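Right, one structure below, let's go through it.
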Amino acid sequence: MLRTFLAVLIFISTVSHVYAIQSTIMEAEGYACMGDDKSRKQTEQQSMTDAKRNAVENVLTYVKSETKVKDFQIEDDIMKAYANASVKILEVKESRWYKDERSGDCLKTKIKAEVIPDEKAIKEAVSSKVPFDSPGMPLNVRLWTDKKEFRKGDKIKIYIQGNKPFYARVHYRDVKGEIVQLLP
Numbered sequence: 807m808l809r810t811f812l813a814v815l816i817f818i819s820t821v822s823h824v825y826a827i828q829s830t831i832m833e834a835e836g837y838a839c840m841g842d843d844k845s846r847k848q849t850e851q852q853s854m855t856d857a858k859r860n861a862v863e864n865v866l867t868y869v870k871s872e873t874k875v876k877d878f879q880i881e882d883d884i885m886k887a888y889a890n891a892s893v894k895i896l897e898v899k900e901s902r903w904y905k906d907e908r909s910g911d912c913l914k915t916k917i918k919a920e921v922i923p924d925e926k927a928i929k930e931a932v933s934s935k936v937p938f939d940s941p942g943m944p945l946n947v948r949l950w951t952d953k954k955e956f957r958k959g960d961k962i963k964i965y966i967q968g969n970k971p972f973y974a975r976v977h978y979r980d981v982k983g984e985i986v987q988l989l990p
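All residue numbers for the sequence shown refer to the numbering used here, where the first residue is 807 and numbers rise by one.
In structure tokens, the structure reads:
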């Protein structure tokens with residue numbers, strides 16, 4: 807029973823130091839016009855690419871406004887991580903063709919997308935340059951106990967610390983496989 811709990815606790819404590827990559831869900835619009843040199847398919851692709859680029863730019867603007875760190879070094883590193891972000895399309899809200907007087911047939915695409923920053927770049931940015939408790943950084947949670955080893959009958963004190971408000975639950979799985987919620 808105690809071994810199972812300690813194994814889970816050790817696993818959580820080793821994983822807890824890793825910064826969570828904070829993706830952002832954003833709505834964005836993209837535009838493209840056919841002209842003489844593009845097919846409808848190429849215009850659709852260009853409109854979607856423009857919408858994705860706009861989603862990343864909107865997230866960059868938000869992150870830049872929220873990130874204030876000494877010497878602006880961490881801000882630059884975070885910007886690079888979001889500049890290399892991957893974009894996952896959650897929903898195409900609108901895809902509408904319209905006629906423009908100058909450009910001809912054009913397509914407006916509105917998407918809801920999840921912008922996920924480059925995980926490696928975020929980890930490098932926050933590894934040693936920023937304090938643990940900086941609220942401008944992605945969520946970082948630490949979990950530890952007051953002792954390394956426990957004996958039968960010992961009381962367990964669990965400490966949890968995060969750099970910003972978060973909601974967490976601590977569960978314990980006993981030998982029988984039953985789950986007991988310890989916190990909250």
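Backbone N, C-alpha and C define an ideal beta-carbon position, used for all residues, glycine too. A quick note: this is a predicted structure, and the numbers were derived from the prediction, not measured.
When secondary structure is reduced to three states using DSSP, A927 falls in the helix class. The Cβ atoms of A834 and A889 do not sit closer than 8 angstroms to each other. Excluding its 5 nearest sequence neighbours in each direction, M832 has C-beta neighbours in its own chain below 7 angstroms: A861, N864, V865, A919 and V921, listed in chain order. When the five nearest sequence neighbours on each side are left out, the beta carbons in the same chain lying within less than 8 angstroms of the beta carbon of L989 are those of I964, I966, A974, R975 and V976, in order along the chain. The bridge partners DSSP lists for L989 are V976.
For S901, the closest of T951, Q852 and L913 by C-alpha to C-alpha distance is L913. Shown here, Q967 sits in a strand according to DSSP, grouped into three states. Inter-residue distance for L945 and V893 is about 20 angstroms (C-alpha atoms, whole angstroms). For T915, DSSP records a beta bridge to G836 and S901. Listed as beta-bridge partners of S892 by DSSP are I922. Using a Cβ distance threshold of 8 angstroms, G841 and S853 do not count as a contacting pair.
Comparing alpha-carbon positions, the option among E984, N969, R979 and K847 lying closest to W903 turns out to be K847. Each of E984, C839 and D980 was checked against the Cα of K905, and the nearest Cα belongs to C839. Judged by their CB atoms, V947 and I917 are not nearer to each other than the 8 angstroms cut-off. Within the same chain, Cβ atoms closer than 6 angstroms to the Cβ of G968 are found at V947, the five residues on either side in sequence being excluded. Taking all protein chains in view, the Cβ of K954 is surrounded by fewer than 16 other Cβ atoms within 10 Å, so the residue is classified as exposed. A927 and D960 have their C-alpha atoms spaced approximately 42 angstroms apart.
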